[in-house]
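Q:
Numbering (the numbering used here), first residue to last: 322 to 416.
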């Protein structure tokens with residue numbers, strides 16, 4: 322089972338890059354076989370964002386459903402992924 326993470330943002334957003342990088346690191350800990358990361362350009366996929374109930378930039382959807390209306394803290398995303406996947410991230414098993 323692969324979970325699909327979609328981060329909705331506006332390209333060039335100066336306040337988005339750093340939080341997104343931290344969240345991408347959390348996703349990477351689980352490995353690409355468990356979690357797929359996709360950045361969605363709000364300007365290009367506005368209809369899709371509206372269908373999910375997204376009303377602003379920096380929202381995060383999991384498996385096609387809005388889960389965080391704004392970018393979560395890394396711990397919150399990790400908790401949500403652990404809840405959905407169970408167990409430990411792949412990186413924790415290799416240490």
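C-beta atoms are modelled at their ideal positions from N, C-alpha and C, and glycine is treated no differently.
Note that this is a predicted model, so its numbers are computed, not measured.
Can you tell me the Cα-Cα spacing of residue 345 and residue 385, whole angstroms?
A: In a straight line, the C-alpha of residue 345 is about 18 Å away from that of residue 385.
Q: CB-CB under 8 Å to residue 378, same chain, minus the five flanking residues each way: which ones, in chain order?
A: Contacts found: 329, 330, 331, 334, 337 and 363.
Q: Report the CB separation of residue 348 from residue 326 in whole angstroms; it is logged as a contact under 8 Å.
A: With 8 Å as the limit, residue 348 and residue 326 qualify as a contact, their Cβ atoms being about 6 Å apart.
Q: Where does residue 324 fall in DSSP's three states?
A: Reduced to three states, the DSSP call for residue 324 is strand.
Q: For a cutoff of 8 Å on Cβ pairs, would you count residue 360 as touching chain C?
A: Of the chains in the structure shown, none is chain C; there is only one protein chain.
Q: Grab the span of the beta strand (DSSP E) containing residue 387 for me, first residue to last.
A: Looking at the DSSP string, the run of the beta strand (DSSP E) that includes residue 387 is 386–389.
Q: Taking the alpha carbon of residue 372 as the reference point, which residue from 387, 358, 360 and 396 has its own alpha carbon closest?
A: Answer by Cα proximity: 387.
Q: If you measure between the beta carbons of residue 395 and residue 381, is that distance less than 8 Å?
A: Taking 8 Å as the Cβ cut-off, residue 395 and residue 381 do not qualify as a contacting pair.
Q: Straight-line CA distance for residue 415 to residue 350?
A: Bear in mind that a pLDDT of 45 at residue 415, under 50, signals an unreliable position, so the model cannot answer this.
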